[in-house]
Amino acid sequence: MRKNMLATALAATLGVTAGASAQNVPEQFVVSGDAAVRLKEFNQINMATARALVDSCISFAEQNGRALSVYVIDQFGNHVAMQRMDGQGWINIRTAEMKARTALQMRVPSHARMNQARENPFNELYQITAHGLFPNSGGLPIIVNDQLIGAIGVGGAAPDENFSDEICAHRALTEVIGPQPPLLPVAPPSDPFTGEREWCRGGAGPDPAIGGTCN
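Counting the sequence shown from 1 gives a position; my numbering is that position plus 7.
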């Protein structure tokens, strides 16, 4: 009898926990209903949201006469949606995926890893080969109400002042999910021989938003 009571209490607790988790993220963005119950997972980005992100980015690229590839993964790194525009090759698709996975693993924009690589150019290859990270902009975590539900990566477009892989991903997230944090600025490169950062010359300090150091 006591075991049955404990089991019932535990089940009720788990039910409350699951319900609370489900309420953290609006159902419109995540797998819900019977599908979520089967998975025992209530914070997984759903297909509709992933497709909307892809379509938004593709539409923005078409408006600007660009071609790119878009990759969306869930919070476990599983593929949810991917699309490449005409003229995109393997490397464009692959880098889009790598950017998404970098943002997912680090829980920050892949741009942050790019800034670190600009501070220490010799670290770039290490990030790629040892950790599978891609230190380039274009990957953003998908966060709703402080809950990570996936990541988006965009690759293949030549950047300029008004368009880039990262701008496309950021715009798609804003359009589909809602207001997003501002994009990171680009860190000034360091001297590959002395290691001196441009911002550290003359006593200037690093920009905290970029995450650089003067060590």
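Glycine is no exception: its CB is placed at the ideal position from the N, C-alpha and C atoms.
Under 7 Å, Cβ to Cβ, is there at least one residue of chain D near residue i?
i, result
"tyrosine 133", "Going by chain labels, chain D is absent from the structure shown, which holds only one protein chain."
Measuring straight from C-alpha to C-alpha, what distance separates residue i and residue j?
i, j, result
"proline 189", "histidine 118", "12 Å"
"arginine 45", "isoleucine 100", "31 Å"
"glutamine 154", "glutamate 104", "21 Å"
"glutamine 35", "asparagine 50", "11 Å"
"threonine 181", "tyrosine 133", "33 Å"
"glutamine 95", "histidine 86", "19 Å"
"valine 23", "isoleucine 156", "Caution is warranted here: a pLDDT of 45 is assigned to valine 23, below 50, making its placement in the model unreliable, and the coordinate value is therefore given only provisionally. Going from the Cα of valine 23 to the Cα of isoleucine 156 covers about 20 Å."
"isoleucine 184", "arginine 73", "23 Å"
"glutamine 187", "arginine 178", "9 Å"
"alanine 164", "glycine 40", "38 Å"
"cysteine 64", "glycine 145", "12 Å"
"glutamine 81", "phenylalanine 129", "A quick correction: the sequence has aspartate, not glutamine, at residue 81. Cα-Cα distance, rounded: 31 Å."
"threonine 136", "asparagine 169", "32 Å"
"serine 171", "asparagine 152", "26 Å"
On the DSSP letters alone, give me the boundaries of the beta strand (DSSP E) that residue i sits inside.
i, result
"alanine 158", "154-162"
"leucine 147", "146-151"
Within its chain, find whatever has a CB closer than 8 Å to the CB of residue i; leave out the 5 residues flanking it on each side and keep chain order.
i, result
"serine 28", "Model confidence at serine 28 stands at a pLDDT of 46, short of 50, so the residue's coordinates are unreliable and nothing is read from them."
"valine 38", "Leu46, Glu48, Phe49, Gln51, Ile52, Asn53"
"alanine 55", "Gln35"
Suppose the cutoff is 6 Å on Cβ atoms and the five residues either side in sequence are ignored; what does the same chain contact list for residue i look like?
i, result
"alanine 88", "Ala57, Arg58, Val61, Val79"
"alanine 43", "Phe49"
"glutamate 131", "Ala124, Pro142"
Terminal residues of the continuous alpha helix (DSSP H) containing residue i?
i, result
"glutamine 70", "54-70"
"valine 44", "40-46"
"alanine 179", "172-183"
Whole-angstrom Cβ separation of residue i and residue j, contact assumed at under 8 Å?
i, j, result
"alanine 68", "cysteine 175", "6 Å"
"glycine 5", "arginine 108", "Residue 5 is absent from the model: the chain starts at 8 and stops at 222."
CB-CB under 7 Å to residue i, same chain, minus the five flanking residues each way: which ones, in chain order?
i, result
"arginine 91", "Ser76, Asn99, Ile100"
**OP:** Taking only runs that begin and end inside the stretch 79-136, name each unbroken beta strand (DSSP E) of 3 or more residues, in chain order.
**Re:** Here the runs fully enclosed are 86-91.
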